[in-house]
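Residue numbers (this note's numbering): 284 to 766.
Glycine is no exception: its CB is placed at the ideal position from the N, C-alpha and C atoms.
Predicted model, so just to flag it, every value in this text is computed and none were measured.
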Amino acid sequence: MKKLAILTLIILVFGCTQTPPPEPVDPVPAERQLAWHEMEFYAFAHFNMNTFTNMEWGYGNEKPEQFYPIELDCRQWAKVCKEAGMKGIILTAKHHDGFCLWPSEYTEHSVKNSPWKNGKGDVLKELRVACDEFGLKMGVYLSPWDRNHPDYGKPEYITYYRNQLRELLSNYGDIFEVWFDGANGGTGWYGGANEERRIDNRVYYDWQNTWEIVRELQPNACMFSDGGPDVRWVGNEQGWAGQTNWCALNRDDLAPGLVDDLKDLQQGQEGGTHWVPAEVDVSIRPGWYYHPEQDDKVKTLQQLLDIYYNSVGRNANLLLNFPVDTRGLIHEKDVEQVMKLANAVKADFAKNLAAGVKIAASDSRGMDFISAYAIDGKTETYWAPNDDVTAVSLTIDFRRPTEFNRFLVQEFIKLGQRVQKFTLEAFVNEKWQEIASETTIGYKRILRFPNVTASKLRFNISSSLACPTISELGVYLATDNSE
Ligand code: FUL
């Protein structure tokens with residue numbers, strides 16, 4: 284009875300003094316972007332005319348008859364991606380050479396005039412069925428540059444491009460991402476003109492109105508380009524995001540194919556106007572397209588792990604490309620390597636040593652934001668200190684010497700990205716030792732460092748745009764030993 288009275292009193296006291304959540308720090312992500320962040324790791328499939336001509340950029344004068352995969356199996360792609368822990372596949376529906384993997388009604392330069400399935404095939408449709416079977420999301424790459432089309436460079440081509448976009452976004456179910464490439468204009472076949480055509484990126488595509496089509500037909504899709512509007516290129520194709528990486532970007536200063544300072548893409552812009560997170564696109568082989576001579580150049584496990592930690596571990600999503608081969612399959616060697624990566628990542632994060640331990644915060648804003656929420660395995664709950672507290676720490680007490688070499692931390696990004704600087708300290712031989720000093724966090728940050736054995740770990744946020752909001756913390760002992 285007495286216990287019940289005390290409990291009621293506690294509930295009353297805390298109930299009356301309930302603290303509201305922190306105010307958001309703008310910019311904040313849209314719902315479609317929040318869903319995108321959670322995908323983390325998904326596949327690019329470069330498969331198209333170039334696969335059969337052994338090219339990276341076809342000129343545009345290729346013949347539909349050259350497209351002839353004998354064992355094309357989108358089910359195999361989807362199975363591999365699913366088993367590798369990927370959440371979706373983005374396919375090159377049309378690359379710069381203009382050949383279409385679906386029977387577009389606006390051109391003859393498509394699968395409908397190829398010998399594949401006697402012109403009755405549709406790769407987009409097959410991919411849709413395969414993605415549905417394996418519970419994967421599907422995305423499309425529709426190259427703005429088209430070296431085949433006679434009207435490229437003229438206003439008529441924009442109508443053509445938009446018609447194709449409408450086809451892709453109307454006939455193949457839910458699309459999670461639309462990829463607008465930055466490579467634009469130059470020499471090409473252009474219906475036989477064989478010339479160089481330059482366009483002004485800023486005005487030619489009238490992007491605002493092209494983007495409207497995506498919003499109208501697929502309101503949940505994120506649009507990728509050098510400068511967003513929803514997801515930005517990371518400024519390199521080697522597989523890394525900046526160690527400092529803000530989701531904020533002064534988006535209106537950028538346009539596809541027109542970026543002056545790649546650093547802005549690698550690191551984002553603190554205080555930028557819009558939420559435009561980075562996506563790291565990189566191929567598992569040197570080329571984007573399949574070249575048999577690269578069969579022995581598939582990235583090693585160590586290279587792939589570095590890519591994973593330098594993308595997913597640095598507040599970016601990882602879009603890993605498979606150059607689908609001439610049979611129409613993801614090559615055995617690529618499958619082998621991506622599975623090595625998947626197994627290593629799984630092993631690295633098999634056991635969160637911070638789950639269920641004692642955790643204490645130097646400040647907390649109340650019952651709904653206690654430090655235990657940072658280690659409850661749920662990203663919807665978070666720890667936050669009081670409003671004006673921007674330097675604050677969380678101490679994890681393992682109660683016994685514990686060995687670890689990875690630290691994972693996530694901000695509750697619904698309220699914006701806030702943390703500007705943080706350090707990690709380990710309590711070793713009765714003394715605090717700094718083991719890392721870093722800048723941003725964002726959706727997810729993972730640190731790799733040499734093995735440390737400590738009884739406590741202190742996570743210090745030393746500066747933040749407003750009080751920090753931390754949704755998850757993880758401490759792990761990875762076996763791969765990469766740093
Ligand atoms: C680049 C393109 O030019 C490459 O061919 C490839 O598609 C890559 C993903 O984007 O800009």
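Got a sec? Which residues, its chain only, sit under 7 Å from residue i by beta carbon, not counting five neighbours each side?
i: residue 387; result: 393, 447 and 450
i: residue 348; result: 397 and 398
i: residue 436; result: 480 and 482
i: residue 488; result: 427 and 441
i: residue 533; result: 552, 555 and 556
i: residue 732; result: 688, 718, 719 and 766
i: residue 609; result: 334, 335, 352 and 573
Residues in the same chain with beta-carbon distance under 8 Å from residue i, minus the five sequence neighbours each way, listed in chain order, please.
i: residue 296; result: Only weak support is given to the placement of residue 296: the predicted model assigns it a pLDDT of 46, under 50, and the value that follows is read from those uncertain coordinates. Excluding residues within five positions, none has a Cβ falling inside 8 Å.
i: residue 425; result: 376, 377, 444, 447, 448, 451, 461, 462 and 463
i: residue 433; result: 473, 474, 475 and 476
i: residue 599; result: 517, 524, 528, 560, 561, 562 and 563
i: residue 494; result: 506 and 512
i: residue 373; result: 325, 326, 327, 328, 421, 422, 423, 424, 460, 462 and 602
i: residue 618; result: 363
i: residue 497; result: 448, 452, 461, 504 and 506
i: residue 294; result: Unreliable placement is indicated for residue 294, whose pLDDT of 48 sits below 50; the coordinate value is still reported in the next sentence. No residues qualify anywhere along the chain.
May I ask you to report which of helix, strand or coil DSSP gives residue i?
i: residue 402; result: helix
i: residue 661; result: coil
i: residue 377; result: strand
i: residue 653; result: coil
i: residue 428; result: coil
i: residue 422; result: strand
i: residue 666; result: strand
i: residue 299; result: The predicted model places residue 299 with a pLDDT of 46, which falls under 50 and marks its position as unreliable; any figure quoted below should be read in that light. Three-state DSSP puts residue 299 in a helix.
i: residue 724; result: coil
i: residue 292; result: Bear in mind that a pLDDT of 49 at residue 292, under 50, signals an unreliable position, so the number given afterwards is only what the model happens to contain. It is helical.
i: residue 734; result: strand
i: residue 763; result: coil
i: residue 581; result: coil
i: residue 674; result: coil
i: residue 475; result: helix
i: residue 463; result: coil
i: residue 749; result: coil
i: residue 321; result: helix
i: residue 513; result: coil
Which same chain residues, not among the five before or five after residue i, have their C-beta less than 6 Å away from its C-beta?
i: residue 580; result: 568 and 569
i: residue 566; result: 604
i: residue 679; result: 637, 640, 642 and 740
i: residue 754; result: 662, 665, 693 and 695
i: residue 587; result: 624
Over what stretch of residues does the beta strand (DSSP E) that includes residue i continue unbroken?
i: residue 440; result: From DSSP, residue 440 is part of no beta strand (DSSP E) but of the alpha helix (DSSP H) over 438-454.
i: residue 478; result: 478-480
i: residue 311; result: First-last for residue 311: undefined, no H or E at that position.
i: residue 696; result: Unbroken run through residue 696: none, as it is neither H nor E.
i: residue 470; result: 469-471
i: residue 705; result: 702-711
i: residue 506; result: 505-508
Judging by CA-CA distance, which residue of the options is the nearest neighbour of residue i?
i: residue 613; options: 362, 332, 524 and 305; result: 362
i: residue 554; options: 561, 530 and 679; result: 530
i: residue 485; options: 474, 629, 518 and 509; result: 509
i: residue 694; options: 688, 686 and 703; result: 703
i: residue 521; options: 601, 679, 673 and 478; result: 601
i: residue 740; options: 390, 749 and 689; result: 689
i: residue 622; options: 705, 364, 724 and 499; result: 364
i: residue 511; options: 723, 487, 547 and 478; result: 547
i: residue 384; options: 415, 333 and 467; result: 333
i: residue 323; options: 725, 339 and 699; result: 725
i: residue 629; options: 657, 665 and 591; result: 591
i: residue 747; options: 762, 722 and 707; result: 722
i: residue 649; options: 670, 659, 658 and 633; result: 670
i: residue 343; options: 371, 654, 379 and 706; result: 379
i: residue 355; options: 371, 331, 583 and 338; result: 331
Locate the alpha helix (DSSP H) running through residue i, then write down its first and last residues.
i: residue 715; result: Residue 715 -> not in any alpha helix (DSSP H); beta strand (DSSP E) instead, spanning 714-721.
i: residue 329; result: That residue, residue 329, is in no alpha helix (DSSP H); its beta strand (DSSP E) goes 324-329.
i: residue 487; result: 484-487
i: residue 498; result: 490-500
i: residue 332; result: 332-336
Does at least one heavy atom of ligand 3 sit under 6 Å from the Cβ of residue i?
i: residue 655; result: Ligand 3 is not among the ligands present in this structure, which contains only ligand 1.
Exercise for the section: Kindly provide the ranges of any alpha helix (DSSP H) runs that are 4 or more residues long and lie completely inside the stretch 517-574, ordered along the chain. Expected result: Complete alpha helix (DSSP H) runs here, min 4: 545-550.
Exercise for the section: Enumerate, from N- to C-terminal direction, the unbroken alpha helix (DSSP H) stretches of 4 or more residues contained entirely within the stretch 341-386. Expected result: You should have 357-366.
Exercise for the section: Quick one: which unbroken alpha helix (DSSP H) runs of 4-plus residues sit fully inside the stretch 588-640? Chain order, please. Expected result: 615-631
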